[in-house]
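Worksheet for the structure shown next.
Protein chains: 2
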Amino acid sequence: MTQDEKMMLRCLELASKGAGYVSPNPLVGCVIIKNGKVISEGYHQKYGSYHAERNAINTAIGKGVNLKGSTLYVNLEPCAHFGKTPPCVDLIIQHKISKVVIGVKDPYHLVAGRSIKKLKQNRIKVAVGVLENESTKLNKFFFKYVKTGLHYVTIKTAQTIDGKIADENYKSKWISSAESRRFVHNLRAKYDAVLVGRNTVERDNPQLTVRNVKGRNPYRIVIDKNLKLSLRKKIFSDKFHDKTIVLTSKSANKGKVKTLEKRNVKIIFCETKNGLIDVKDALRKLAKLGIASIMVEGGAKTYSEFLKHKLVDEFMIFIAPKIMGSGISAFTEKINLDNYKRINYFKTDRDILINIKK
Amino acid sequence: MTQDEKMMLRCLELASKGAGYVSPNPLVGCVIIKNGKVISEGYHQKYGSYHAERNAINTAIGKGVNLKGSTLYVNLEPCAHFGKTPPCVDLIIQHKISKVVIGVKDPYHLVAGRSIKKLKQNRIKVAVGVLENESTKLNKFFFKYVKTGLHYVTIKTAQTIDGKIADENYKSKWISSAESRRFVHNLRAKYDAVLVGRNTVERDNPQLTVRNVKGRNPYRIVIDKNLKLSLRKKIFSDKFHDKTIVLTSKSANKGKVKTLEKRNVKIIFCETKNGLIDVKDALRKLAKLGIASIMVEGGAKTYSEFLKHKLVDEFMIFIAPKIMGSGISAFTEKINLDNYKRINYFKTDRDILINIKK
């Protein structure tokens, strides 16, 4: 591993500390070195707050360091535009940093190479593409969102070897091991939102929060076309109910809509198609809220809707070493996985996690 | 790793060369050292031929070595009885070997510690239990057979993530990857027999031989209560048909029985129970032929029969990253896996192999 790669790896490490807090912004970490020594570090900590580069530069200045002759490492091209904060590229130029090493070009149309050009115009050396793959992977949510305007969608399921997510009476509460569930809670802390269908809330009354691990709660999205669910369900009545979003339609019970709105539960009215909520329309409306990543946690009907509309970027399939013989299947239709080239397996206690990505 | 463990590991390595050729005898390897140096090695190569100890001793003598003062390593207690060859324990005593290091005690009732006792009576030092676990695992077929008189039975299946072994029309020929299939062929070379139900032969017309890897063909066993299968099926008509065994009943077509017997296909008449071949009775009759290990390769009905009668020691479940949505399930009944404590996962190309053992 070269010195550049080592520094970039540190940027990625720093960047990932922002996971769950910066969306729909990207995860960015920054390291500044001078005379071969790290003089400061920074990362984007929270949506709306300073970018990684500004944090690192501020730290260096605070130490009284003259940045002339220094090299700045950052996993994503610095911003060129006024967003919530002024452009980082100008700050770099202003402080006479000599060289900028970038993981990957920012695909966002207001940046997209402009900063790289501007740095070069100001005679700052620029290297792009150090740990490019890793830098792209780290910001998979951001890249999908910026390029398509849609969310990064992951289907998460926990099933038996024979593909069952529950027994026929939905009485089999925990299919997967404690370690697998902890893994899922860690994922929830990183996704902007988790989404389930009405039946899942009806039957399991899940909390869909982050428990047993550190991290913030995601938005909890439920699809309920007619708003038939009892408002006593946990997602509507626990102390996190302001992080609940209901995807419903015009046919929703008006009284319930009013009650939920009073509780600060967000109601989104979506188009319907073949008697179901049009998930494509729903996603477009959710994207406008700045939600860039969604983990779909069930059930079978909801998986099917996302799959039919080709909206799924990734699968996280936990398989527990159990055989039910009969029960409810996670998948009820053939899925063409030809475009999903990256398949990885992880052991979580007695379970196996199959991770399938494009 | 101690010197004893290193030598025992070499014994296990040598022993495993006999896999597929020595059954129902155990796999045994032997190393003799003198003054800290290996002077000879041997293993049991073929059923009926010399045991590992005799091979190693003969090699040493051939080299003109005086075995007085030497140490003999062997993964299984030497035999004490006259079988196809005279007892190894007497040979060891006769050659004044000073010390014998044994992996695991032989559970066979005609040995079962007798050799250990006899060696000690002859003032030969004995150490038992070096790499005992590994030594037991290597001979799992032999241990099961000797202790229970029944076979070691492994269910092997290749399925999709959603637990399907074929589509509804049985048109989906290869579920698993080429590497997984190669793995299965390697397994076939080590099991005494592979077994399938009538439907599998009817639909897939499999060869059930060892291909693309080195190794001998196993016996091919088919359950066909009324002998309805066409005698043109590969297992009855290819050049290995003398390695085919049919488990049938009194209601078998007499003409077909005659034809098959002329072709040297072995016919075993079994009891029936609830209109099916009684697999327990079938196994008892197969055990008498010296078959100690069986890999059951399908289909669902056959798996179910073995599982219902609690005859399964191990599962080898290959999961291919495909989702069919509908089709034929490998398992149609709930299976209690509480007694199967050892669960391991292996990657084979794009597939995952779940290995479940007691």
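Residue numbers (our numbering), protein chains in the order written: chain A, 5 to 362; chain B, 5 to 362.
By construction, the Cβ of each residue, glycine as well, lies at the ideal position given by its N, Cα and C atoms.
Cut-off 8 Å between Cβ atoms - residues of its own chain near residue 351 of chain A, not counting five sequence neighbours on either side
Only 357 meet the Cβ criterion.
Let me know the beta strand (DSSP E) ranges lying completely inside the stretch 254-316 of chain B, each 3 residues or longer, listed in chain order.
Annotation: the stretch 254-316 of chain B contains the following complete segments of the beta strand (DSSP E) (minimum length 3 residues), in chain order: 270-273, 297-300.
Proximal residues of chain A, C-beta to C-beta of residue 338 of chain B below 8 Å:
Taking the beta carbon of residue 338 of chain B as reference, the chain A residues within 8 Å of it are 327, 328, 329, 330, listed in sequence order.
Residue 309 of chain B vs residue 290 of chain B beta-carbon contact at 9 Å:
No, the pair does not count as a contact, with Cβ atoms beyond the cut-off.
According to DSSP, simplified to helix, strand and coil, what is residue 355 of chain A?
Correct three-state label for residue 355 of chain A: strand.
On the premise that residue 252 of chain A lies in contact with residue 231 of chain A, defined as a C-beta separation below 8 Å, what is that separation, rounded to the nearest angstrom?
Confirmed, Cβ separation roughly 5 Å.
Beta-carbon proximity list for residue 209 of chain B, same chain, < 7 Å, skipping 5 on both sides:
Correct list, in chain order: 237, 238.
If residue 189 of chain B and residue 215 of chain B are in contact, beta carbons under 8 Å, what's the gap, nearest whole angstrom?
Under the criterion of beta carbons closer than 8 Å, residue 189 of chain B and residue 215 of chain B qualify as touching, at roughly 6 Å.
Is the distance from the Cβ of residue 115 of chain B to the Cβ of residue 83 of chain B below 9 Å?
Result yes, Cβ atoms of residue 115 of chain B and residue 83 of chain B sit closer than 9 Å.
So residue 5 of chain A and residue 35 of chain A are supposed to be a Cβ contact under 8 Å. How far apart are they, rounded?
About 14 Å separates the two Cβ atoms, so there is no contact after all.
Less than 6 Å between C-beta atoms, sequence neighbours within five positions excluded: which residues of the same chain meet that for residue 225 of chain B?
Once the five neighbours on either side are set aside, the close Cβ partners of residue 225 of chain B are 197, 199, 249.
Which value, in whole angstroms, describes the spacing of the CA atoms of residue 105 of chain A and residue 22 of chain B?
The C-alpha of residue 22 of chain B is placed about 59 Å away from the C-alpha of residue 105 of chain A.
Check the Cβ of residue 360 of chain B against every Cβ in chain A and list those closer than 9 Å, keeping chain order.
Listed along chain A are 165, 325, each with a C-beta nearer than 9 Å to that of residue 360 of chain B.
Enumerated in chain order, which unbroken segments of the alpha helix (DSSP H) with a length of 4 residues or greater are wholly contained in the stretch 177-220 of chain B?
Runs of the alpha helix (DSSP H) inside the stretch 177-220 of chain B: 182-192, 202-208.
For residue 16 of chain B, the three-state DSSP class (helix, strand or coil)
In this structure, residue 16 of chain B counts as helix in the three-state DSSP scheme.
Between A/339, A/325, A/295, which lies nearest to residue 327 of chain B when the distance is taken from Cα to Cα?
Among A/339, A/325, A/295, the Cα nearest to that of residue 327 of chain B belongs to A/339.
Can residue 167 of chain A and residue 276 of chain B be called in contact, C-beta distance under 9 Å?
Taking 9 Å as the Cβ cut-off, residue 167 of chain A and residue 276 of chain B do not qualify as a contacting pair.
Looking at the strands, I want to know which residues DSSP matches up with residue 54 of chain B.
Looking at the DSSP assignment, residue 54 of chain B forms no beta bridge with any residue, so it has no partner.
Within chain B, partners of residue 333 of chain A - CB distance below 7 Å:
Chain B residues near residue 333 of chain A: 166.
Output the distance between the C-alpha atoms of residue 316 of chain A and residue 156 of chain A, rounded to the nearest integer angstrom.
Rounded to the nearest angstrom, the gap between the Cα atoms of residue 316 of chain A and residue 156 of chain A is 8 Å.
Buried or exposed for residue 42 of chain B, please, with buried defined as at least 16 other CB atoms from any protein chain shown within 10 angstroms of its CB.
Exposed is the label assigned to residue 42 of chain B, since fewer than 16 other Cβ atoms lie within 10 Å of its Cβ.
Proximal chain A residues relative to residue 354 of chain B, where beta-carbon distance stays under 8 Å
Residues of chain A passing the Cβ test: 347.
Between residue 320 of chain B and residue 347 of chain B, what straight-line distance do the alpha-carbon atoms span, to the nearest angstrom?
The straight-line gap from Cα to Cα measures roughly 10 Å.
Let me see if you follow: with CB-CB separation under 9 Å, is residue 305 of chain B close to chain A or not?
Chain A, which has no Cβ nearer than 9 Å to the Cβ of residue 305 of chain B, makes this no.
Would you check if the stretch 262-277 of chain A and the stretch 117-135 of chain A touch, i.e. whether three or more CB-CB distances between them fall below 8 Å?
No: fewer than three Cβ pairs fall under 8 Å.
Starting from residue 139 of chain B, trace the alpha helix (DSSP H) both ways and give me its first and last residue.
Residue 139 of chain B: member of the alpha helix (DSSP H) spanning 136-142, first to last residue.
Can you tell which of B/38, B/144, B/80, B/263 has its C-alpha closest to the C-alpha of residue 100 of chain B?
With distances taken between Cα atoms, residue 100 of chain B lies closest to B/38.
Tell me which same chain residues have a C-beta within less than 6 Å of the C-beta of residue 103 of chain B, skipping the five on either side of it?
Excluding five sequence positions before and after residue 103 of chain B, the CB atoms of its chain that fall closer than 6 Å to its own CB belong to 75, 129, given in chain order.
Contact criterion: CB-CB distance below 9 Å. Does residue 321 of chain B meet it with respect to chain A?
Residue 321 of chain B counts as touching chain A.
Stretch pair the stretch 139-148 of chain A + the stretch 26-34 of chain A: three plus CB contacts closer than 8 Å:
Using a Cβ-Cβ distance cut-off of 8 Å, the stretch 139-148 of chain A and the stretch 26-34 of chain A are in contact, since at least three pairs of beta carbons, one from each stretch, lie closer than that value.
Does DSSP put residue 26 of chain B in a helix, a strand or coil?
If DSSP states are grouped into helix, strand and coil, residue 26 of chain B belongs with coil.
Verify the CB distance criterion: does residue 25 of chain B have a CB-CB separation below 9 Å to chain A?
For residue 25 of chain B, the answer is no, since every Cβ of chain A falls outside 9 Å of its Cβ.
Mind checking which residues open and close the alpha helix (DSSP H) that includes residue 327 of chain B?
Judged by DSSP secondary structure, residue 327 of chain B falls outside any alpha helix (DSSP H); it is assigned neither H nor E.
Need the endpoints of the alpha helix (DSSP H) that residue 122 of chain A sits in, please.
Where residue 122 of chain A is concerned, the enclosing alpha helix (DSSP H) stretches over 118-125.
Report the residue from B/85, B/46, B/53 whose alpha carbon sits nearest the alpha carbon of residue 17 of chain B.
Considering only alpha carbons, the answer is B/46.
Could you tell me how far apart the beta carbons of residue 295 of chain B and residue 223 of chain B are, in whole angstroms, since I believe they sit closer than 8 Å?
Indeed they touch by this definition, with Cβ atoms about 6 Å apart.
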